[in-house]
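Shown next, in structure tokens, is the structure this report addresses.
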Amino acid sequence: MSSLEGFRKVHRATPFLRIWTIIVAVLAAFAFNSGASVLSFIWGVVTGEYGFAVLPILLTVGGAVIVVALAWIITGIWWKAVGFRITNEEVQLQRGVISKDLRTARFDRIQAVDLVESFIARIFRLAEVRIETAGGSDSAISIGFLRKSEAEALKRELLDASQHSVATTPAGVPAEPGVGETVVVESAGDVLVPQIPVQRTLASTALSLATIITAIGIVILLFVPFGVSIAVPFFVGMVPAVWNLIDKSWQFTATQRNDVLHVSYGLANRRKQSIPLGRIHAVKLKQPLLWRLVGWWTVTVTVVGYGDTTQGGTSKILPVGSKELALKVLEAVGPLNSADIAESADPSHMSRPQYTPPVAARLLTPVDRTRQGVTLIGVAGAPGAVVVHEGRFMPRMSVIDTSHIQELTLKHGPIQRILGLSTVVFNLVQGPVGMAASDLSAADGKELLNILRNRKLPALESAPLGQNSLD
Amino acid sequence: MSPKLTTARYLTRIPWLLISAIVFGVLGVFVSSWFYAGVIVVAVILIWQLWLIPQQVKRLGWLETSDELLITKGKLWHTFTVVPYGRIQFVDVTAGPLERAFGMKQVQLHTASASSDSTIQGLPVAEADALRERLAIKARERMSGL
Chain V
324 MSSLEGFRKV
334 HRATPFLRIW
344 TIIVAVLAAF
354 AFNSGASVLS
364 FIWGVVTGEY
374 GFAVLPILLT
384 VGGAVIVVAL
394 AWIITGIWWK
404 AVGFRITNEE
414 VQLQRGVISK
424 DLRTARFDRI
434 QAVDLVESFI
444 ARIFRLAEVR
454 IETAGGSDSA
464 ISIGFLRKSE
474 AEALKRELLD
484 ASQHSVATTP
494 AGVPAEPGVG
504 ETVVVESAGD
514 VLVPQIPVQR
524 TLASTALSLA
534 TIITAIGIVI
544 LLFVPFGVSI
554 AVPFFVGMVP
564 AVWNLIDKSW
574 QFTATQRNDV
584 LHVSYGLANR
594 RKQSIPLGRI
604 HAVKLKQPLL
614 WRLVGWWTVT
624 VTVVGYGDTT
634 QGGTSKILPV
644 GSKELALKVL
654 EAVGPLNSAD
664 IAESADPSHM
674 SRPQYTPPVA
684 ARLLTPVDRT
694 RQGVTLIGVA
704 GAPGAVVVHE
714 GRFMPRMSVI
724 DTSHIQELTL
734 KHGPIQRILG
744 LSTVVFNLVQ
754 GPVGMAASDL
764 SAADGKELLN
774 ILRNRKLPAL
784 ESAPLGQNSL
794 D
Chain X
228 MSPKLTTARY
238 LTRIPWLLIS
248 AIVFGVLGVF
258 VSSWFYAGVI
268 VVAVILIWQL
278 WLIPQQVKRL
288 GWLETSDELL
298 ITKGKLWHTF
308 TVVPYGRIQF
318 VDVTAGPLER
328 AFGMKQVQLH
338 TASASSDSTI
348 QGLPVAEADA
358 LRERLAIKAR
368 ERMSGL
């Protein structure tokens with residue numbers, strides 16, 4: 324393992340924490356299967372029923388010692404092969420015993436740095452540092468486990484390095500397109516979302532669809548004897564969904580410091596995420612059906628490099644909050660200023676839509692037709708941002724800076740063709756927010772497409788360093 | 228587009244239909260005459276495909292403008308995709324066994340977007356390679372951020 328010179332080590336307990344579920348499962352299975360016989364044996368020894376049986380005791384203790392020693396040696400081999408290093412321009416993670424794997428991320432490619440404290444790691448006061456880069460589904464680098472103070476220092480170090488590298492590049496900031504594109508920069512360390520009270524978390528969860536389905540399911544299962552065969556898959560499906568809702572909004576806070584949004588949340592796993600504002604592309608405000616009663620909204624964002632956030636991170640930068648708070652968050656992270664928001668971005672209804680589905684579209688969207696539409700913000704002919712409204716019972720509003728639209732697709736299916744309709748799809752980077760201008764008249768669709776084709780593309784965030792080959 | 232694309236698509240789709248038609252026919256003879264209904268369904272799909280494939284191929288098209296690549300395809304579900312050169316992350320040129328036999332290649336553009344399908348199928352080999360070359364140059368010249 325001499326190749327690891329100059330690399331820093333992760334905590335020695337890491338291998339055990341990585342497989343702790345398996346360890347617990349094995350111990351539980353062992354206890355479950357042999358517990359009774361072992362106990363009766365021990366009882367027998369204590370009461371002297373077996374006489375003074377030295378050999379079996381020695382065998383048992385010796386066996387346990389050998390198992391522990393083996394586990395220590397085997398995990399030691401694994402542990403020795405893992406190391407990380409921070410060089411002048413990148414962070415490297417080396418791992419693997421048989422097949423070596425060196426994963427590197429250049430500082431200017433780092434999209435976000437998270438501190439993850441899983442339930443088990445919290446018991447041992449350890450944490451993991453997760454580095455997100457722009458890439459496919461498995462593009463994150465997880466360094467861990469480390470002592471919590473060490474992990475926090477590493478996170479700061481990486482954030483500093485990545486911001487420094489972005490700041491020193493001449494074309495650091497995306498081009499500022501159009502009028503009214505200023506992102507409001509609040510003073511350092513501003514609290515954007517004050518801690519969400521636990522009652523609000525619980526109430527909002529209780530009013531969500533997943534919880535209601537689960538509750539109805541429990542009631543039905545109580546009264547109708549379906550048996551375990553239905554109950555188990557039902558709970559496997561529903562309980563994590565409900566749990567996720569609670570976990571992701573538990574004691575949620577968001578603060579903004581130097582164009583980086585810091586959020587922290589979590590019930591079992593306390594997690595801190597740092598999202599550079601420039602990496603936030605699309606913003607979506609949504610009001611689930613029953614939240615109407617209390618006027619709550621949720622804000623979801625697409626962050627470059629986060630993908631669909633299946634691996635534990637959150638993309639909800641406001642899990643639940645009032646409309647004012649949601650709009651404040653939108654103003655802070657999105658491309659609109661307060662005047663734009665007041666004028667044309669009320670999430671519950673459209674105030675001045677420019678493109679709406681024609682009457683002919685009522686066959687396709689009988690309920691939502693008058694509630695969906697597209698508003699362009701900024702200079703006519705070269706808009707800086709697009710606002711899309713949709714949904715009558717579950718109002719949703721998505722906002723994106725036009726320069727962040729990757730590709731545009733104009734399409735129509737057979738029914739749309741008969742009705743003379745078309746849909747403009749905004750192809751965005753992978754994430755939870757999808758945007759499309761649905762069921763516009765064919766002429767409107769073409770016009771919108773042509774307007775958006777004039778959008779300005781942002782400058783490169785870093786100079787291509789010879790590794791951006793296109794082959 | 229290479230005119231052979233029609234033939235290639237016929238070859239990939241038609242044999243399966245013929246096989247299932249034969250299976251249904253055999254089942255109809257030996258098991259139950261109800262299976263003849265399957266033969267009829269498959270025959271309808273077959274005729275539909277025979278008509279649809281040339282239509283689809285006719286509607287496949289691409290155009291290079293100064294800043295964008297335009298791709299259009301589809302008869303029933305028609306799509307028209309605009310890919311700015313600056314957005315292209317990388318380009319794939321692939322040729323399956325059947326495509327190779329017909330001297331065709333397919334060019335696929337990859338951008339940071341996950342939801343789009345920017346593929347140009349059935350290009351003659353020389354043209355596909357030339358297009359890739361041009362796209363690579365244009366993408367490098369106009370490369371933009373996300």
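Chains as they are written, first to last, in the numbering used here: chain V, 324 to 794; chain X, 228 to 373. The C-beta atom is built at its ideal place from N, Cα and C for all residues, glycine as well. Here the structure is a predicted model, which is why all the values come from computation and not from measurement.
Query                                                                                                                                                                                         : Result
Which full runs of the beta strand (DSSP E) of 3+ residues lie inside the segment 297-372 of chain X, going along the chain?                                                                  : 305-311, 317-321, 331-337, 346-351
From this set, X:Leu336, X:Gly372, X:Ile246, which residue's C-alpha is nearest Gly265 of chain X's C-alpha?                                                                                  : X:Ile246
If you reduce the DSSP assignment to three classes, tell me which class Gln753 of chain V lands in.                                                                                           : coil
Find the residues of chain V that neighbour Arg314 of chain X, judging by a C-beta separation of less than 8 Å, and give them in chain order.                                                 : Gln729, Glu730, Leu780
What residues of chain V sit near Pro311 of chain X, judged by a beta carbon separation below 7 Å?                                                                                            : Leu780
Measuring only between beta-carbons, confirm whether Leu771 of chain V sits less than 8 Å from chain X.                                                                                       : no
Looking at the C-beta of Gly757 of chain V, does it have a partner C-beta in chain X at a distance below 8 Å?                                                                                 : yes
What does the alpha-carbon distance come out to for the pair Ala351 of chain V and Ser360 of chain V?                                                                                         : 15 Å
Taking C-beta to C-beta, are Phe468 of chain V and Leu482 of chain V nearer than 8 Å?                                                                                                         : no
To which residues of the same chain is Ser422 of chain V closer than 8 Å at the C-beta, ignoring the five residues directly before and after it?                                              : none
For Gly288 of chain X and chain V, any beta-carbon pair shorter than 8 Å?                                                                                                                     : no
Please list the partners that Glu295 of chain X has in chain V, where partner means a Cβ-to-Cβ separation under 8 Å.                                                                          : Arg776
Identify every run of the beta strand (DSSP E) within the segment 387-459 of chain V, keeping only runs that are complete inside it and at least 3 residues long; order them along the chain. : 406-409, 413-418, 424-429, 433-439, 449-456
Spell out a yes or no on whether the segment 321-338 of chain X and the segment 228-247 of chain X are touching, meaning 3 or more CB-CB pairs, one atom from each, closer than 8 Å.          : yes
Assign His487 of chain V to one of two classes, buried (16 or more other C-beta atoms within 10 Å of its C-beta) or exposed (fewer than that).                                                : exposed
Relative to the C-alpha of Ala668 of chain V, which candidate in V:Val710, V:Glu647, V:Asp513, V:Val333 has its C-alpha closest?                                                              : V:Val710
Am I right that Ala435 of chain V and Pro599 of chain V are in contact with their C-beta atoms under 8 Å? What's the rounded C-beta distance?                                                 : 7 Å
Quick one: using the 10 Å Cβ neighbour count with 16 as the cut-off for buried, is Val256 of chain X buried or exposed?                                                                       : exposed
Using the DSSP secondary-structure output, state which residues sit across from Ser721 of chain V in a beta bridge.                                                                           : V:Lys607, V:Val711
Can you tell me where the alpha helix (DSSP H) holding Arg523 of chain V begins and where it ends?                                                                                            : 521-529
Between the beta-carbon of Gln316 of chain X and the beta-carbon of Ala339 of chain X, is there less than 8 Å?                                                                                : yes
In chain order, what residues of the same chain have a beta carbon less than 6 Å from the beta carbon of Leu744 of chain V, not counting five sequence neighbours either side?                : Ala684, Asp762
Pick from V:Thr337, V:Ile396, V:Arg341, V:Val514: whose alpha carbon is nearest that of Lys651 of chain V?                                                                                    : V:Val514
When the Cα atoms are used, what is the spatial distance from Ala526 of chain V to Ile569 of chain V?                                                                                         : 10 Å
For the candidate residues X:Thr234, X:Val318, X:Pro230, X:Val268, whose alpha-carbon lies nearest to that of Asp344 of chain X?                                                              : X:Val318
Can you give the Cα-Cα distance for Pro670 of chain V and Leu616 of chain V, rounded to whole angstroms?                                                                                      : 16 Å
Would Trp275 of chain X count as contacting chain V if we go by Cβ distances under 8 Å?                                                                                                       : no
Going along chain X in order, which residues have a C-beta closer than 7 Å to the C-beta of Lys423 of chain V?                                                                                : Going along chain X, no residue has its Cβ under 7 Å from Lys423 of chain V, so there is no contact; the nearest lies around 26 Å.
The beta strand (DSSP E) spanning Gly768 of chain V covers which residue range?                                                                                                               : No beta strand (DSSP E) contains Gly768 of chain V, which is instead part of the alpha helix (DSSP H) from 765-776.
Please compile the residues from chain X whose C-beta is within a distance smaller than 7 Å of the C-beta of Gly707 of chain V.                                                               : Result: empty, since nearest Cβ-Cβ is about 16 Å, beyond 7 Å.
If you drop the 5 nearest sequence neighbours on each side, which residues of the same chain put their C-beta closer than 8 Å to that of Arg361 of chain X?                                   : Glu291
Is it buried or exposed for Glu328 of chain V, if we count other Cβ within 10 angstroms and need 16 for buried?                                                                               : exposed
If you check the beta carbons only, do Val439 of chain V and Ala428 of chain V fall under 8 Å apart?                                                                                          : no
Quick one: using the 10 Å Cβ neighbour count with 16 as the cut-off for buried, is Trp304 of chain X buried or exposed?                                                                       : exposed
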